[in-house]
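Peer 1: Here it is, the structure, as structure tokens.
Protein chains in written order, with this note's numbering: chain A, 37 to 435; chain B, 37 to 435.
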């Protein structure tokens, strides 16, 4: 196989619509480097000062005050009572699921159209992901179809929602704000109450996004966020567990720090724990990043505004704008290509990436990955259609 | 309960032996701060420069060249073919066990006298830790007793070693170099060959230690190391998987990076993966630390030498010196208190910690923790006795 052929071999295209699309994207982007990345962190504030302080102190690891400081600042920003910083968003989701009692044999509802970490986190609990359908405009869960599906396919045994077909408890739903666009999280909450399912918000992509003036990441019982390098703010690697529940917050801190019982020198642990604590040096970076976030969000709105304008008159693709009543962080700017152009996706990807503008398709839907192909699921026609029509566009504010 | 009473209430002691012990430790330590920590990272080289470079590049997370560079430098130092850097030592152990095929229902032999992360990592695979006895001088596994135990309690079914009593396969043994003192790893290797058990070296504490002039961390089929803040070098949080096997190294890289198939833009994953990759900024710190390691090891030998001298004539406790034919990194300097003085351990801990010298007992043995109390195990009389007789002494070279 000629792998060069598969990796950006087409520097030219005879398709005039693809050329036009390319020029539409290009005119949005500031003149900058030869290759415009999809996402590059914006490190423009006190990050170096805090990291230098941390290095100078010597306490770069599990001792030191930057983690507490970062947790406090983030809790205040999001408006939740407790934040527990972790090594990454996957770890945060894993522990969020454990805290609400997800166990071996359970099922957890989640979108098929998401990043694989979410499905993996479900399996770390010994549970099974159960995939739900997306709506075709903002790409979040289709709550109308979900409600109908749950009505027909589940029954209630006491407090527990049971999958009629598998007989397994459906313990939780993970709701994700795709590319930073808030879903109707209050509707999600109503459905959870109605069917006896716990709500976990996967706000990995939605730091700084607002639903009815409330920050994403503060709605579910326990929620998760990510500070990977391609997110709104980064700690190198990092994530956080968010909750308003005092007891769950204590448990989160406890089991992310090897479940060690507090004592000045004796080493006792009372349950299986994890080494998921964010190191002090990464938290130092996070504090600097958090200080700059308002500025970053503002710049991201400006960039999204330019995309909105550029695509307003463009035929054949729609830019995803923020949902009504919501404020998006516009994490990844995204267009949805018209159905009749979906066959062009690979050509678009090749042409744009070859010519200095990094673009990306959406993730392969979870139910189409080999390890999840047998997992329970709704009809996923919309997801399967969308998978060939989505293009992420350069979204950094640092070029 | 008066918790103040339990936390360093005794600033005085009427026991003259404890006073003498305190003075013996004190005279080893350089005049420095009011409180001498047990272990503080030594950050004395190019760490600032590399981290600043990393920040300036913007690539602090999963993109960037510091991780590859760190892995290459470490592989060269240890003398193994492949290193895969991870978020921490626990993650490295987890993946090491998965790579050699540890699965739900298996048992993994490991010392009861170790840090809880090792036993936790076994449970992450769905397997059961099976605890083995330690020898009373250098605190490693007692291989003589182990061999006898395996002869009496296991049988061979084809290539697989079976626990006669539980019927479960014993897939692996995790061998740990306690406090940096190398165990007889070649003996461990012989026993593994004899009984059909895979050898995993937990070299978390033994970076820079040598057995017969070969670095610890290079003996087992897949091995793990830690760069936590209290280790010989630190990356904030961090660890590494070490192996000479090309295929296992590929798998290690693959499943620690979400099992994503290599492609410039499509997101496909072929198995359950983990988000265990070390961030670029932590690797930048690691490269600086690795450059300084020879100097740190030299200073640690000098400090250990002063402890050896101070305790040579001291009655009632023995300093653990490096095993014959080995070179220890003297990670944590340690004394073993005479049996008839074991009742004084808590008093010693209180008095030393209250008076500015941080000391620590050994970890509570794993089989005495509630979550592992039912796990299969050898007779652990030596471990139970040692648990009350071990005192870790200040071991930093940065005060």
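We treat Cβ as the ideally placed atom computed from N, Cα and C, and that holds for glycine.
1. Please report the distance separating the alpha-carbon of residue 209 of chain B from that of residue 97 of chain B.
2. Which residue from B/280, B/346, B/410 and B/399 puts its Cα closest to that of residue 419 of chain B?
3. What residues in its chain sit with their C-beta under 7 angstroms from that of residue 244 of chain A, if we drop five residues either side in the sequence?
4. Using a Cβ-Cβ cutoff of less than 6 angstroms, which residues in the same chain neighbour residue 181 of chain A once the five nearest sequence positions on both sides are dropped?
5. Near residue 153 of chain B, what residues of its chain come up, given a Cβ to Cβ distance below 6 angstroms and the 5 sequence neighbours on each side ignored?
6. Does residue 406 of chain A get closer than 8 angstroms to chain B when you measure Cβ to Cβ?
7. Please give me, in chain order, every unbroken run of the beta strand (DSSP E) with length at least 3 that falls completely inside the segment 262 to 325 of chain B.
8. Look at residue 320 of chain B and residue 307 of chain B and say whether their C-beta atoms are less than 8 angstroms apart.
9. Helix or strand or just coil, what does DSSP make of residue 214 of chain A?
10. Between residue 314 of chain A and the rest of its own chain, which residues show a CB-CB distance below 7 angstroms, the 5 nearest in sequence each way excluded?
11. So the candidates are B/261, B/78 and B/236; which of them puts its Cα closest to the Cα of residue 137 of chain B?
12. My output table needs one value for residue 145 of chain A: the three-state DSSP class, helix, strand or coil.
13. Would you check if the distance between the CB atom of residue 167 of chain B and the CB atom of residue 402 of chain B is smaller than 8 angstroms?
14. Alpha carbon to alpha carbon, how far is residue 58 of chain A from residue 256 of chain B?
15. By how many angstroms is the C-alpha of residue 393 of chain B removed from the C-alpha of residue 62 of chain B?
16. Do the segment 406 to 426 of chain A and the segment 356 to 375 of chain B touch if we need at least three Cβ pairs shorter than 8 angstroms?
17. Give the straight-line distance between the Cα atoms of residue 248 of chain A and residue 92 of chain A, rounded to the nearest whole angstrom.
18. Would you identify the three-state DSSP class for residue 128 of chain A, choosing helix, strand or coil?
19. Using 8 angstroms as the threshold, is the segment 250 to 266 of chain B in touch with the segment 275 to 282 of chain B, meaning 3 or more CB pairs across them?
20. Taking C-beta to C-beta, are residue 216 of chain A and residue 116 of chain A nearer than 8 angstroms?
21. List, in order along the chain, the chain B residues whose C-beta lies closer than 9 angstroms to that of residue 306 of chain A?
22. Would you say residue 433 of chain A and residue 335 of chain A are within 8 angstroms of each other, going by their C-beta atoms?
23. The ligand PLP and residue 273 of chain B: does the residue's C-beta get closer than 7 angstroms to at least one heavy atom of that ligand?
24. Which class does residue 104 of chain B belong to by DSSP, given the choice of helix, strand or coil?
25. Taking residue 305 of chain B as the reference, give the member of A/291, A/337, A/262 and A/405 with the closest Cα.
26. So, does the segment 181 to 194 of chain A touch the segment 333 to 353 of chain B, judging by three or more C-beta pairs under 8 angstroms?
27. Which same chain residues, not among the five before or five after residue 135 of chain B, have their C-beta less than 7 angstroms away from its C-beta?
28. Work out the CA separation of residue 301 of chain A and residue 426 of chain B for me, nearest whole Å.
29. Could you give the residue range of the alpha helix (DSSP H) that holds residue 257 of chain A?
30. Since residue 426 of chain B meets chain A, which of its residues come closer than 9 angstroms, beta carbon to beta carbon?
31. Does the CB of residue 53 of chain A have a neighbour CB from chain C at under 8 angstroms?
32. Sorted by chain position, which residues of the same chain lie with C-beta nearer than 6 angstroms to residue 60 of chain B's C-beta, five sequence neighbours on each side aside?
33. From the DSSP output, read off the bridge partner residues of residue 187 of chain B.
34. Alpha carbon to alpha carbon, how far is residue 412 of chain A from residue 139 of chain B? Give it in angstroms, no decimals.
35. Mind checking whether residue 131 of chain A and residue 387 of chain A have CB atoms under 8 angstroms apart?
36. When we look at the beta-carbon of residue 68 of chain A and count the other beta-carbons within 10 Å, is it buried (16 or more) or exposed?
Peer 2: Inspection of the coordinates gives the following:
1. In a straight line, the C-alpha of residue 209 of chain B is about 34 angstroms away from that of residue 97 of chain B.
2. Residue 419 of chain B has its Cα closest to that of B/399, out of B/280, B/346, B/410 and B/399.
3. If you ignore the 5 residues before and after residue 244 of chain A, its C-beta comes within less than 7 angstroms of the C-beta of 268, 329, 333 and 365, all in its own chain and listed in chain order.
4. Hits under 6 angstroms: 169.
5. Answer for residue 153 of chain B: 126, listed in chain order.
6. Yes, residue 406 of chain A counts as interfacial toward chain B.
7. Fully enclosed beta strand (DSSP E) runs of 3 or longer: 275 to 279.
8. At the C-beta level, residue 320 of chain B and residue 307 of chain B stay beyond 8 angstroms of one another.
9. It is helical.
10. Only 103, 121, 122, 123, 271 and 274 meet the Cβ criterion.
11. For residue 137 of chain B, the nearest C-alpha among the options comes from B/236.
12. DSSP places residue 145 of chain A in the strand class (E or B) of the three-state scheme.
13. Yes; because the gap between Cβ atoms is below 8 angstroms, this pair is in contact.
14. Going by the C-alpha atoms only, they are around 53 angstroms apart.
15. For residue 62 of chain B and residue 393 of chain B, the distance between alpha carbons rounds to 8 angstroms.
16. Contact fails: fewer than three Cβ-Cβ distances are below 8 angstroms.
17. Rounded to the nearest angstrom, the gap between the Cα atoms of residue 248 of chain A and residue 92 of chain A is 43 angstroms.
18. If DSSP states are grouped into helix, strand and coil, residue 128 of chain A belongs with the helices.
19. Judged by Cβ distances under 8 angstroms, the segment 250 to 266 of chain B makes contact with the segment 275 to 282 of chain B, as three or more pairs qualify.
20. It is not a contact, given that the beta carbons lie outside the stated cut-off.
21. Result: 405, 406 and 407.
22. Yes, the pair counts as a contact, with Cβ atoms nearer than the cut-off.
23. As far as ligands go, the structure on display features none, and thus does not contain the ligand PLP.
24. Helix, per DSSP.
25. For the residues A/291, A/337, A/262 and A/405, the minimum Cα distance to residue 305 of chain B belongs to A/405.
26. No, they do not touch.
27. Excluding residues within five positions, the ones whose Cβ falls inside 7 angstroms are 258, 284, 287 and 288.
28. About 12 angstroms.
29. Taken as a continuous stretch (DSSP letters only), residue 257 of chain A belongs to no alpha helix (DSSP H), as it is neither H nor E.
30. The premise fails here: residue 426 of chain B is roughly 11 angstroms from chain A at the closest Cβ pair, so nothing lies under 9 angstroms.
31. The structure shown contains no chain C; its protein chains are A and B.
32. Excluding the 5 residues flanking it on each side, residue 60 of chain B has same chain C-beta neighbours closer than 6 angstroms at 346 and 350, in chain order.
33. BP columns for residue 187 of chain B are empty, so no partner.
34. Distance from the CA of residue 139 of chain B to the CA of residue 412 of chain A, rounded to the nearest whole angstrom, comes to 24 angstroms.
35. In this structure, residue 387 of chain A does not lie closer than 8 angstroms to residue 131 of chain A by Cβ.
36. The residue is exposed, with fewer than 16 neighbouring Cβ atoms inside 10 Å.
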